[in-house]
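The UniProt record's numbering puts the sequence shown at residues 1 to 292. For each residue, glycine too, the CB sits at the ideal point set by N, CA and C. These notes concern the structure reproduced below.
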Amino acid sequence: MELFFKYLQYEKRFSPHTITSYQTDLHQFQEYLQEVYQLEDLKVADHAIIRSWVVTLVQKELDSRTIHRKIASLRSYYRFLVQRGLLETNPTLRIKAPKLAKKLPAFIPEDAFTQLLDQSEFTTDFKGQRERLILELLYGTGMRLAELTTLQLEDINLAASTLKVLGKGNKERILPLNASLINALSHYLQLRSATFPNNNSSFLFVTDKEAPLYPKYVYRVVKKYISTVSTANKNSPHVLRHSFATHLLNRGADLGAIKDLLGHASLAATQVYTHNSIEKLKAIFEKAHPKA
Numbered sequence: 001m002e003l004f005f006k007y008l009q010y011e012k013r014f015s016p017h018t019i020t021s022y023q024t025d026l027h028q029f030q031e032y033l034q035e036v037y038q039l040e041d042l043k044v045a046d047h048a049i050i051r052s053w054v055v056t057l058v059q060k061e062l063d064s065r066t067i068h069r070k071i072a073s074l075r076s077y078y079r080f081l082v083q084r085g086l087l088e089t090n091p092t093l094r095i096k097a098p099k100l101a102k103k104l105p106a107f108i109p110e111d112a113f114t115q116l117l118d119q120s121e122f123t124t125d126f127k128g129q130r131e132r133l134i135l136e137l138l139y140g141t142g143m144r145l146a147e148l149t150t151l152q153l154e155d156i157n158l159a160a161s162t163l164k165v166l167g168k169g170n171k172e173r174i175l176p177l178n179a180s181l182i183n184a185l186s187h188y189l190q191l192r193s194a195t196f197p198n199n200n201s202s203f204l205f206v207t208d209k210e211a212p213l214y215p216k217y218v219y220r221v222v223k224k225y226i227s228t229v230s231t232a233n234k235n236s237p238h239v240l241r242h243s244f245a246t247h248l249l250n251r252g253a254d255l256g257a258i259k260d261l262l263g264h265a266s267l268a269a270t271q272v273y274t275h276n277s278i279e280k281l282k283a284i285f286e287k288a289h290p291k292a
């Protein structure tokens with residue numbers, strides 16, 4: 001299993017977050033094998049055993065997307081074993097995943113985020129301005145959580161009004177910065193230098209103990225502030241990414257440009273945001289069509 005994780009890291013170049021998900025899924029299946037079938041080796045599990053595990057996941061009422069991901073993790077692992085000659089056939093080929101419920105990306109209204117920044121009382125110290133910058137960067141660039149926490153000081157180019165992010169598959173992309181973000185970044189960098197004059201960390205975001213920022217901290221910050229302006233159940237950093245894309249599309253941005261800004265590999269992944277704009281399309285239709 002450790003060889004598989006190294007394969008994901010060095011050959012497939014998956015992000016640390018994705019590899020952690022694979023590790024969680026495979027270890028959970030391993031625990032199931034040990035508890036129910038008294039088996040230690042995943043290589044001896046057949047499709048019937050794997051199907052029984054999927055059934056238990058459904059009975060636990062796990063989200064269908066979570067179950068899909070866990071099945072995908074097993075498929076990748078057993079495919080790896082077959083490719084390495086450690087297994088003759090892939091037992092997951094006969095496994096059918098439950099149907100996915102089609103969910104539109106959650107986002108917050110444009111005026112709600114403006115209200116959040118204008119009315120929230122961010123403290124003027126390093127911590128308060130760090131929290132504000134986290135929100136502004138996630139919404140202002142549409143970057144992923146992992147891209148935010150791995151940002152380096154050298155990735156910021158205030159003179160060119162751009163920043164460089166390292167996305168999935170170690171793919172780099174350049175993102176533009178608006179005037180508000182440039183001001184927020186400049187102020188944060190000054191506070192960072194004043195607060196930690198001897199800090200040698202290359203990371204843009206650091207904790208109060210001068211260590212690189214961790215994902216759970218970002219989750220807490222986003223949930224803390226979004227909950228003040230939105231009643232939606234989802235208050236994760238990804239909601240700000242969805243909001244970024246939806247608001248751009250609502251204001252007439254080209255879908256291909258949004259795809260490049262988000263770092264999507266294909267346009268199909270970006271097209272889901274067109275559904276969020278149906279109300280705007282209806283309004284345009286009613287206003288412009290002779291028969292509307």
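One Cα belongs to F5, the other to A283, and the distance between them is close to 50 Å.
When the beta-carbon positions are compared, R173 and D254 stay at least 9 Å from each other. For K164, the pairing in a beta bridge is given by DSSP as I174. Cβ-Cβ distances below 8 Å link I182 to L158, S161 in the same chain, with the five nearest sequence neighbours on each side left out; the list follows chain order. The residue among G85, V58, E121, I134 with its C-alpha nearest the C-alpha of L213 is I134.
When the Cα atoms are used, R130 and L138 turn out to be separated by approximately 12 Å. Around the beta carbon of A45, 16 or more other beta carbons lie within 10 angstroms, which makes this residue buried. Out of L81, H68, T89, D125, the CA that lies nearest to the CA of K96 is found in H68. Residue pairing by DSSP leaves N250 without any beta bridge partner.
If you check the CB distance, L74 and D25 come in under 9 Å.
Residue environment: A184 is assigned as buried (16 or more neighbouring CB atoms within 10 Å of its CB, all protein chains considered).
Every alpha helix (DSSP H) of 4 residues or more that sits fully in the UniProt domain "Core-binding (CB)" (1-82) is shown, in chain order, as 2-6, 16-32, 47-59.
Rounded to the nearest whole angstrom, the C-alpha separation of H242 and L145 is 12 Å. The three-state reading of DSSP puts P215 in helix, counting H, G and I together. Within the same chain, no residue comes within 6 Å of P16 by CB-CB distance, once the 5 residues on both sides are set aside. Between the stretch 222-241 and the stretch 106-116 there are three or more C-beta pairs closer than 8 Å, enough to call the two in contact.
According to DSSP, residue pairing for I284 in a beta bridge does not occur.
In this structure, V58 lies away from I71, with their beta-carbon atoms at least 9 Å apart.
Taking 9 Å as the cut-off, the Cβ atoms of K43 and L86 count as close.
In the DSSP assignment, S266 falls outside any alpha helix (DSSP H), carrying neither H nor E. With respect to L153, S186 sits apart: the two C-beta atoms are not nearer than 9 Å. A distance below 7 Å between beta-carbons, with the five flanking residues on each side excluded, links H264 to the following residues of its chain, in chain order: T270.
Rounded to whole angstroms, the separation of the alpha carbons of G167 and Q9 is 14 Å. Going by C-alpha positions, L116 is about 24 Å away from G252. For K223, same chain residues with a beta-carbon under 6 Å away, outside a window of 5 residues either side, are N235 in chain order. Within the same chain, and ignoring the five residues on either side of Y273 in sequence, the residues whose Cβ sits closer than 6 Å to its Cβ are A245, T246, L249. Under the three-state reduction of DSSP output, F203 falls in the strand class. Beta-bridge analysis with DSSP links Q152 to F203.
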